[in-house]
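In this note's numbering, the protein residues as written are 2 to 103.
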């Protein structure tokens, strides 16, 4: 699974700025994008817990390196910043739950 972590980190560092802007500009686009990635992860056989760990890594990166583009992202970022690691992990599970309902 360490290989998956490295791939996630590399993807985050090299993500095309234009594509990133397109995804983050609208919260529904962000949810659709995340939903697609979750679906791919499930097809690869990743467990709910592993998906939450990856989601947590992505959310942590976004909170540290990206400015929110809308109110929903601003709220998520603020909640992320005030949460401890356990709360952030639970929030990652909740994000997964949210996008799976789409």
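For glycine and all other residues, C-beta sits at the position ideal for the given N, C-alpha and C.
The beta carbons of residue 25 and residue 39 sit no closer together than 9 Å. For residue 83, the number of other beta carbons within 10 angstroms of its own is below 16, and it is reported as exposed. Just so you know, the alpha carbons of residue 71 and residue 4 end up roughly 32 Å apart. Taking 9 Å as the cut-off, the beta carbon of residue 60 is found no closer than this to the beta carbon of residue 102. Sixteen is the threshold: when 16 or more other Cβ atoms of the shown chains lie within 10 Å of the Cβ of residue 55, as they do, the residue is buried.
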